[in-house]
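Visitor: All letters in the sequence shown, in the order written, are residues 70 to 229 by the working numbering. The C-beta atom is built at its ideal place from N, Cα and C for all residues, glycine as well. Handing you this structure, nothing more for now.
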Amino acid sequence: MFYCQTSLVKIHIGSDHAGLEFKNKIIAHLTNQGHQVTDHGPHTYDANDDYPVFCIPTAQAVAKDSTSFGIVLGGSGNGEQMAANKVKGVRAALVWNIETAKLAREHNNANVISIGGRMHDEEFCLKLVDTFLNTPFPADARHVRRIGQISNFEQNGKIT
Numbered sequence: 070m071f072y073c074q075t076s077l078v079k080i081h082i083g084s085d086h087a088g089l090e091f092k093n094k095i096i097a098h099l100t101n102q103g104h105q106v107t108d109h110g111p112h113t114y115d116a117n118d119d120y121p122v123f124c125i126p127t128a129q130a131v132a133k134d135s136t137s138f139g140i141v142l143g144g145s146g147n148g149e150q151m152a153a154n155k156v157k158g159v160r161a162a163l164v165w166n167i168e169t170a171k172l173a174r175e176h177n178n179a180n181v182i183s184i185g186g187r188m189h190d191e192e193f194c195l196k197l198v199d200t201f202l203n204t205p206f207p208a209d210a211r212h213v214r215r216i217g218q219i220s221n222f223e224q225n226g227k228i229t
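Structure, rendered in structure tokens:
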């Protein structure tokens, strides 16, 4: 998959209570850019909600549509990334600075990013999202090979 900066994409997004505020701001930001955004919840604040309930369906939607991307948010982003990565076909990267958002695409062809809402301010979260979406996967042979090894292990339990 090669993403072009001028393309509008489908984006699935989910969070827990700690990521709810930034999730809503990211949705507004992406919608204003013309992207098609699907909100997998939550829609109201509840400190007792569980991130897998929202992050796994977000990842499943991305896995079903290889042309889409996903964003999961929580307090640190760690659990959300772990939940998303349980879905076959998802390569979720925890991003914490511009370089990790860029490398998630360039080296790993990540299709989901995870962001810690308690780790960053709103402006920086939006920069992470924009960097991720605007960075193409150049399909360099060594990175394609490595991603293939991950996919092969996911499919048959062997690194080939």
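1. If we ignore side chains and look at the alpha-carbon of each, how far apart do Phe193 and Lys94 end up?
2. With DSSP as the reference, label Ile216 as helix, strand or coil.
3. In terms of DSSP beta bridges, what is Asp108 paired with?
4. In angstroms, rounded to a whole number, what distance separates the CA positions of Ser212 and Glu175?
5. Touch check for the stretch 199-212 and the stretch 105-119: three-plus C-beta pairs under 8 angstroms?
6. Run through the stretch 87-164 for me and flag every whole alpha helix (DSSP H) of 4 or more residues, listed as ranges in chain order.
7. So, at 7 angstroms on beta carbons, what are the nonlocal neighbours of Leu89 in its own chain, with the 5 sequence-adjacent residues on each side left out?
8. With a CB to CB cut of under 8 angstroms and the five nearest residues on each side skipped, what residues in its chain are close to Lys227?
9. Check whether the Cβ atoms of Ala162 and Ser145 lie closer than 8 angstroms to each other.
10. Taking all protein chains shown into account, do 16 or more other C-beta atoms lie within 10 angstroms of the C-beta of Gly217, making it buried, or fewer, making it exposed?
11. Using a Cβ-Cβ cut-off of 6 angstroms (strictly less than) and excluding sequence neighbours within five positions of Tyr72, which residues of its own chain qualify?
12. Would you say the stretch 76-88 touches the stretch 118-125, given that touching needs at least three Cβ pairs under 8 angstroms?
13. Give the straight-line distance between the Cα atoms of His116 and Asp209, rounded to the nearest whole angstrom.
14. At which residues does the alpha helix (DSSP H) containing Ile228 begin and terminate?
Guide: So, from the data block:
1. Whole-angstrom Cα-Cα distance: 12 angstroms.
2. Under the three-state reduction of DSSP output, Ile216 falls in the helix class.
3. Paired residues: Ile82.
4. The question names Ser, yet the displayed sequence has His at residue 212. Approximately 8 angstroms between the Cα atoms of the pair.
5. Short answer: they don't touch.
6. DSSP runs (the alpha helix (DSSP H)) wholly in the stretch 87-164: 89-101, 120-133 and 147-153.
7. The residues are Pro111 and Tyr114.
8. These residues qualify, in order along the chain: Asn221.
9. Against a cut-off of 8 angstroms, the Cβ pair of Ser145 and Ala162 comes out as no contact.
10. By the C-beta density criterion, Gly217 is exposed, having fewer than 16 other C-beta atoms within 10 angstroms.
11. Annotation note: pLDDT 42 at Tyr72 (below 50); position unreliable, no value reported.
12. As far as the Cβ criterion goes, the stretch 76-88 touches the stretch 118-125, which means the pair count is three or higher.
13. In the sequence as displayed, the identity of residue 116 is Ala instead of His. So the two alpha carbons sit approximately 43 angstroms from each other.
14. Going by DSSP, Ile228 is part of no alpha helix (DSSP H) at all; its letter is neither H nor E.
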